[in-house]
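Protein chains: 2
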Amino acid sequence: MSDAHAARRERLLEHCSAGGADAALITSPVNVRYLSGCAPCGASLLVTRERALLVLPADLPPDDSGEHPYPADLPTRSAAHPDQDTAELAAEAAAEFGAADLAVEEHDLTVSRYRAIGERGGPRLRGLGPVVERLRVVKDEQEIADLRIAAEIGDQALGELLESILVGRTERHLAMELERRMVDHGADRAAFPVAVGTGGHSGRAGHHPTDRRVEEGDFLTVSLGAQYRGYTVRSTRTFVIGAAPAGWQVELHRLVFEAQRAAREALAPGVECAAPDRAARELLAAAGYREEPPRPFGHGVGLETREAPQLGPGETGKLDNRVPVTVGPGVHLPGRGGVRIEDTLVVRPVAEGGPELLTITTKELLAL
Amino acid sequence: MSDAHAARRERLLEHCSAGGADAALITSPVNVRYLSGCAPCGASLLVTRERALLVLPADLPPDDSGEHPYPADLPTRSAAHPDQDTAELAAEAAAEFGAADLAVEEHDLTVSRYRAIGERGGPRLRGLGPVVERLRVVKDEQEIADLRIAAEIGDQALGELLESILVGRTERHLAMELERRMVDHGADRAAFPVAVGTGGHSGRAGHHPTDRRVEEGDFLTVSLGAQYRGYTVRSTRTFVIGAAPAGWQVELHRLVFEAQRAAREALAPGVECAAPDRAARELLAAAGYREEPPRPFGHGVGLETREAPQLGPGETGKLDNRVPVTVGPGVHLPGRGGVRIEDTLVVRPVAEGGPELLTITTKELLAL
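Going down the list, the sequences are from chains A and B. Per this note's numbering, the first sequence starts with residue 186, numbered consecutively. Per this note's numbering, the second sequence starts with residue 186, numbered consecutively.
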């Protein structure tokens with residue numbers, strides 16, 4: 186993988202040169218990870234034409250495993266004491282390496298850190314802008330392989346839960362169990378707190394699990410995602426508890442299912458980012474369900490649980506090949522509950538079979 | 186509690202006035218929580234002489250519980266769409282309320298956000314400095330009551346684990362179980378990822394749980410802490426697996442126990458912040474254990490898992506009454522393992538019985 190990381194640093198430098206900088210200081214932890222393959226807490230990465238340098242904080246736990254935890258081809262330097270800022274040290278190294286113009290991540294650096302770097306009188310500081318975030322949008326096949334495994338882990342955890350008794354258990358307890366199962370199946374960790382919503386909480390975006398217990402006749406909505414080697418996906422499913430779903434439940438589920446399918450089918454390279462959301466939203470609106478203000482039904486995923494591109498209404502960019510995105514419309518009826526169905530898919534051209542579905546747990550209305 | 190929050194905002198304004206500002210913009214999430222009693226993700230808090238205003242991002246999940254989730258005496262305003270920055274909106278409101286000089290948290294605001302606020306041409310921006318962090322150091326009795334409950338939850342979870350079979354289980358699995366048990370006992374969540382180190386990993390600060398399984402004769406070190414109503418504590422215990430600890434294990438445990446006791450006994454109002462660490466470190470050094478570079482053996486806790494004061498070597502401040510701190514020296518012998526023992530205590534004067542121990546699980550060398 187270190188060749189891939191070196192190639193990414195190469196592309197970053199091309200952007201820097203175009204902007205007049207001869208070096209870049211990366212402080213955003215996910216961006217450090219993307220460019221180096223590792224992200225020790227508090228580390229900063231310096232990239233210059235001649236070399237890259239990973240600057241580590243003083244208080245990293247000692248490594249007595251015998252393994253070298255950092256990429257062998259990436260030199261490191263450590264702070265001497267806990268109060269030293271790795272970004273300041275990296276800027277110092279930039280001066281040492283002869284850099285005159287250093288591009289920094291102004292959307293990550295705090296005003297205080299930025300000033301402290303500037304006051305050292307090293308290279309001139311320039312804004313890098315979200316260059317690394319843009320490089321991260323299109324994934325390589327290794328990244329997609331990691332996303333595939335992350336999705337598989339979530340599917341396994343959810344599959345096991347569906348085989349157990351659910352009635353009487355609390356939302357919080359079910360959420361914790363799913364998190365544990367994902368770790369058991371090899372996840373680094375849950376990518377975000379698992380959301381379980383039952384009854385009146387079902388179908389709600391951003392629901393925090395409560396002590397409400399699952400009851401017969403409930404809708405049950407589960408949103409989960411594993412993180413695997415840093416890469417995260419997410420999926421949401423809505424099921425019904427008990428033998429016979431009510432008529433309104435069957436109907437609402439069918440509608441959201443159709444809306445989600447329409448959004449998935451709208452995914453293709455070259456398509457406008459707003460198109461999938463629009464496809465789903467129009468179907469829901471035709472049935473009388475309008476969300477105010479509209480929450481985007483999808484977004485990119487990767488090293489962050491939510492990253493570029495955004496797939497909400499009004500987004501003007503175009504989708505690229507090999508961009509993993511979520512597609513997750515839903516309807517929530519206050520007091521009654523609702524349905525949300527969400528997948529992570531990789532945008533692929535029709536010639537390659539169209540969008541690749543990563544989260545393969547069934548989207549049918551299972552009665553549990 | 187809202188009286189307490191209003192009183193805190195009052196004290197903040199006194200500091201602002203002293204620095205020439207007539208309003209403060211708070212963006213650090215824990216500081217927002219400290220001053221308002223709630224911390225919706227992405228919110229900003231404006232505090233002026235006449236009023237306070239909590240500015241909420243557009244994409245908060247709708248509240249259909251019927252409860253008002255924000256303090257009744259604190260007016261709120263919401264962003265109209267997801268791209269609006271709550272800090273910018275708060276600065277706009279400051280202008281509206283007639284503020285001429287707005288103190289901002291330069292250690293929290295990124296350069297990009299700071300510029301965006303400045304470009305709106307509202308009040309002049311000044312640095313607030315870590316004023317709220319300093320206000321947070323001494324806790325009131327309500328905060329200490331929450332810390333006490335957080336400690337109790339950790340003690341319960343650990344107590345249950347000690348009654349179960351440990352041999353053959355992995356570090357990761359034990360860590361997950363402790364996190365689940367803390368949530369079951371009422372924690373908001375684990376304050377930080379639980380650390381479980383066995384065998385050669387025991388006694389190591391900052392260890393990440395691995396798939397290593399517990400074996401007979403191992404040292405087992407567990408670091409855990411619950412978060413309760415936002416407040417966090419931490420404790421660390423080291424046990425031995427099997428009936429008979431080896432001689433070196435008994436000796437090392439006794440030494441670290443004595444060092445930790447010396448540090449605890451050094452806690453008192455008016456004492457230098459470096460004193461507890463020094464007391465422990467001298468005992469360890471006399472037995473031949475020196476840590477290079479020295480990692481501080483303690484620090485404050487509260488709304489953050491690590492906050493002011495720092496209790497490391499070279500700290501020059503003095504301890505205050507009602508400051509909760511951790512005290513956790515340890516020795517790690519590469520390849521063999523080691524011992525770490527850590528408590529959270531509240532600094533109290535002798536007249537009130539001396540330091541109040543919150544994390545009460547036994548510190549003896551239990552053979553499990």
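Backbone N, C-alpha and C fix where the C-beta goes; we use that ideal spot for every residue, glycine too.
Bridge partners of D528 of chain B according to DSSP: B:V512. Between E291 of chain A and chain B, the shortest Cβ-Cβ separation is below 8 Å. Below 8 Å, too few C-beta pairs join the region 400–418 of chain A and the region 257–275 of chain B to call them touching: fewer than three.
The beta carbon of G522 of chain A is closer than 6 Å to those of G384, G385, S387, G388 and F404 in its chain, skipping five residues each way along the sequence. Within the region 275–302 of chain A, contact with chain B at the beta-carbon level (separation under 7 Å) is assigned to E291, H292, D293, L294, T295, V296, S297 and Y299.
If you look at S408 of chain A, you'll find it in the beta strand (DSSP E) that goes F404 to L409.
Bridge partners of F424 of chain B according to DSSP: B:L405.
Rounded to the nearest angstrom, the Cβ distance from L543 of chain A to T529 of chain A is 5 Å, consistent with a contact under 8 Å. In this structure A265 of chain A touches A243 of chain A by the C-beta definition: roughly 6 Å separates them, less than 8 Å.
Contacts with chain A (Cβ-Cβ distance below 8 Å) from the region 259–274 of chain B involve A265, H266 and P267, listed in chain order. Using a Cβ-Cβ cut-off of 7 Å, V399 of chain B is close to nothing in chain A; its nearest Cβ partner there is about 16 Å away. Counting only runs of at least 3 residues, the region 436–460 of chain B fully encloses no beta strand (DSSP E) element at all. A372 of chain A has a beta carbon lying at 8 Å or more from every beta carbon in chain B. In terms of beta-carbon proximity, P478 of chain B lines the interface with chain A, with at least one pair separated by less than 8 Å.
In the DSSP assignment, T355 of chain A forms a beta bridge with A:R398. In this structure, A:Q445 is the residue among A:Q445, A:Y474 and A:G473 with its C-alpha nearest to the C-alpha of A460 of chain A. Per the coordinates, the alpha-carbon of A192 of chain A lies some 12 Å from the alpha-carbon of V232 of chain A. Around the CB of S202 of chain B, fewer than 16 other CB atoms lie within 10 Å, so the residue is classed as exposed. Annotation for E348 of chain A: no beta strand (DSSP E) segment contains it, and DSSP assigns it neither H nor E. Within the region 299–331 of chain A, complete alpha helix (DSSP H) segments of at least 4 residues are found at 316–320, given in chain order.
In the DSSP assignment, G523 of chain A is bridged to A:H517. Going by beta carbons, A279 of chain A and L287 of chain A fall inside the 8 Å limit.
Along the region 400–420 of chain A, there is no position whose C-beta sits under 8 Å from a C-beta of chain B. Within the same chain, and ignoring the five residues on either side of A189 of chain B in sequence, the residues whose Cβ sits closer than 7 Å to its Cβ are D325 and Q327. For the C-beta of A243 of chain B, the chain A residues within less than 8 Å are, from N- to C-terminus, P478. If you look at E492 of chain A, you'll find it in the beta strand (DSSP E) that goes E492 to Q495. When the beta-carbon positions are compared, A448 of chain A and A465 of chain A come within less than 8 Å of each other. Judged by pairs of C-beta atoms under 8 Å, the region 300–310 of chain B does not touch the region 514–521 of chain B, as fewer than three such pairs exist. When the Cα atoms are used, D373 of chain A and Q412 of chain A turn out to be separated by approximately 5 Å. For L241 of chain B, the uninterrupted beta strand (DSSP E) run begins and ends at A237 to L241, by DSSP. Legend: CB atoms of the region 352–366 of chain A lying less than 7 Å from CB atoms of chain B belong to residues R357, M361 and R365.
Contact check for E364 of chain A against V381 of chain A fails: the beta carbons are separated by 8 Å or more. Here the C-alpha atom of P509 of chain A lies approximately 15 Å from the C-alpha atom of G502 of chain A. Rounded to the nearest whole angstrom, the CA to CA distance from E345 of chain A to R439 of chain B is 45 Å. Excluding five sequence positions before and after P315 of chain B, the CB atoms of its chain that fall closer than 7 Å to its own CB belong to H292, given in chain order. Here the alpha carbon of V322 of chain A sits roughly 13 Å from the alpha carbon of T490 of chain A.
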